[in-house]
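Convert by adding 102 to the 1-based position in the sequence shown; the result is the number in the working numbering.
Single-structure report; data block below.
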Amino acid sequence: MPIPEMEKIWMDGELVPWAEAKIHVLTHALHYGSGVFEGIRCYKTPKGPGVFRLEEHLKRLARSAKLYYMPVPYTLDQLYDATFAVIEANGLDACYIRPLIFRGYGEMGLFPLKAPVQSVIAVWPWAAYLGEEGIRHGIRAKVSSIQSLDHTALARAAKATGHYLNSILAKVEVTNSGYDEAIMLTEHGHVAEGSGENIFVVRKGTLMTPPPSDGILEGITRDAVMQMAAAMGIPCQERTLARSDLVIADELFYTGTAAEIVPIREVDDHEIGEPGPITRRIQDRFRAIIEGRDKEFGYFMEYARS
Ligand SMILES: Cc1ncc(COP(=O)(O)O)c(C=O)c1O
103 MPIPEMEKIW MDGELVPWAE AKIHVLTHAL HYGSGVFEGI RCYKTPKGPG VFRLEEHLKR
163 LARSAKLYYM PVPYTLDQLY DATFAVIEAN GLDACYIRPL IFRGYGEMGL FPLKAPVQSV
223 IAVWPWAAYL GEEGIRHGIR AKVSSIQSLD HTALARAAKA TGHYLNSILA KVEVTNSGYD
283 EAIMLTEHGH VAEGSGENIF VVRKGTLMTP PPSDGILEGI TRDAVMQMAA AMGIPCQERT
343 LARSDLVIAD ELFYTGTAAE IVPIREVDDH EIGEPGPITR RIQDRFRAII EGRDKEFGYF
403 MEYARS
């Protein structure tokens with residue numbers, strides 16, 4: 103998806119003009135994927151731009167950096183304020199937010215600890231990743247032949263740039279076959295997640311989602327949905343799921359920052375159908391939260407500090 107050009111990017115502590123936020127071609131992260139990042143969304147609310155669970159995202163960014171031995175050059179408070187500064191500098195009230203911390207220029211080779219660490223936060227308007235039509239009527243998903251990431255090969259709890267080569271393979275594979283999004287399985291054939299989303303199954307009124315031990319990224323939207331379900335009296339379990347659980351599901355949906363809550367209307371050419379009642383209830387509640395209308399989960403929305 104093309105990135106619209108904005109005014110400013112926050113880079114290493116300063117707001118710099120968009121076109122000047124550049125790096126050297128010998129940047130470590132470009133060669134070895136040694137970067138960690140976040141995808142966050144800011145929404146227009148009556149109280150001004152509200153960022154969905156910013157602190158949780160920044161904490162995950164810090165955990166990802168730790169897992170790859172990267173000292174974060176800024177405190178979480180500094181990154182919080184920098185996020186709102188760059189939103190304001192670009193005059194946006196709703197946008198996607200992309201913080202990235204990466205090993206910069208100066209060292210080559212696989213021992214990264216002497217390479218400098220650089221930080222950026224970019225923002226731009228980004229519509230629903232899997233389309234508004236997808237949010238309303240559901241999308242077509244396909245189980246990919248590409249396995250989800252194995253805990254023994256990578257620090258799976260990290261959201262790291264290098265991890266996404268796997269997702270790229272899965273996404274291209276299913277897109278080229280005419281589907282909208284992939285579902286990846288573990289080496290044991292358990293359902294893991296989408297290329298950039300977590301997945302939920304609804305069966306007999308109960309929500310089920312794969313556990314972290316099944317090679318998922320612990321999504322912040324996933325966690326929000328589990329909290330919302332508890333508040334709404336919808337039973338929800340973290341449970342290992344088989345491929346066949348997808349086909350016999352009453353409802354299926356993806357969750358993620360870029361995608362939001364996206365029903366799956368077809369999996370592997372099996373009809374699941376139009377979004378069902380539980381999916382709709384979760385979607386409606388999520389919308390109320392991000393529009394700043396929900397009292398109980400009002401704390402999910404975070405605002406600029408004066
Ligand atoms: C592989 C993967 N799984 C799940 C998610 C969903 O996580 P979140 O809800 O925190 O955006 C993402 C997106 O960040 C992702 O890239």
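By construction, the Cβ of each residue, glycine as well, lies at the ideal position given by its N, Cα and C atoms.
Does the beta-carbon of P379 have 16 or more other beta-carbons within 10 angstroms, so that it is buried, or is it exposed?
Around the beta-carbon of P379, fewer than 16 other beta-carbon atoms lie within 10 Å, marking it exposed.
Near R305, what residues of its chain come up, given a Cβ to Cβ distance below 6 Å and the 5 sequence neighbours on each side ignored?
Closer than 6 Å at the Cβ level, and outside the excluded window around R305, lie A351, D352.
Assess contact between the segment 218-236 and the segment 251-264, defined as three or more Cβ pairs (one per stretch) separated by less than 8 Å. Is contact present?
In this structure the segment 218-236 does not touch the segment 251-264; the number of beta carbon pairs closer than 8 Å is below three.
For ligand 1, is there a heavy atom less than 7 Å away from the beta-carbon of I318?
I318: yes, Cβ under 7 Å from ligand 1.
M330 - DSSP class collapsed to helix/strand/coil:
Helix, per DSSP.
Across which residues does DSSP place I374 in a beta bridge pair?
For I374, which the question treats as bridged, DSSP gives no partner whatsoever.
Within 8 Å, strictly: CB atoms of A260 and Y170:
Yes, these two residues count as a Cβ contact at 8 Å.
What ranges does the alpha helix (DSSP H) occupy inside the segment 239-285, keeping only unbroken runs of at least 4 residues that lie completely in it?
Qualifying alpha helix (DSSP H) stretches, in chain order: 266-278.
Assess, as a yes-or-no matter, whether the segment 138-157 is touched by the segment 306-318 under the definition of 3 or more beta carbon pairs within less than 8 Å.
No: fewer than three Cβ pairs fall under 8 Å.
Nearer than 7 Å: is that true of the beta carbon of E340 relative to any heavy atom of ligand 1?
No, Cβ of E340 sits at least 7 Å from all heavy atoms of ligand 1.
What does the alpha-carbon distance come out to for the pair R162 and I223?
Approximately 15 Å between the Cα atoms of the pair.
With distances taken between CB atoms, is the gap from A284 to S346 smaller than 8 Å?
Contact flag unset, no.
For P337, I'd like the list of residues in its chain whose CB is within less than 6 Å of its CB, leaving aside the five on either flank, ordered along the chain.
If we look at P337 and ignore the five residues flanking it on each side, its Cβ neighbours are T308.
Whole-angstrom distance between V369 and E157, CA atom to CA atom:
Going from the Cα of E157 to the Cα of V369 covers about 34 Å.
Contact belief for Y198 with W226 at Cβ below 8 Å, rounded distance in angstroms:
With a Cβ gap of about 6 Å, Y198 and W226 count as contacting.
Considering only DSSP beta bridges, list what Q220 is partnered with.
Paired residue(s): F204.
For A164, I'd like the list of residues in its chain whose CB is within less than 7 Å of its CB, leaving aside the five on either flank, ordered along the chain.
Same-chain partners within the cutoff: V174, L178.
Paired residues, beta bridge with I226 - DSSP:
Looking at the sequence itself, residue 226 is Trp, so the reference to Ile does not match. W226 pairs with Y198.
So which of A294, H159, T323, F186 has the shortest CA-CA distance to E116?
Proximity to E116 across A294, H159, T323, F186 peaks at F186, based on C-alpha coordinates.
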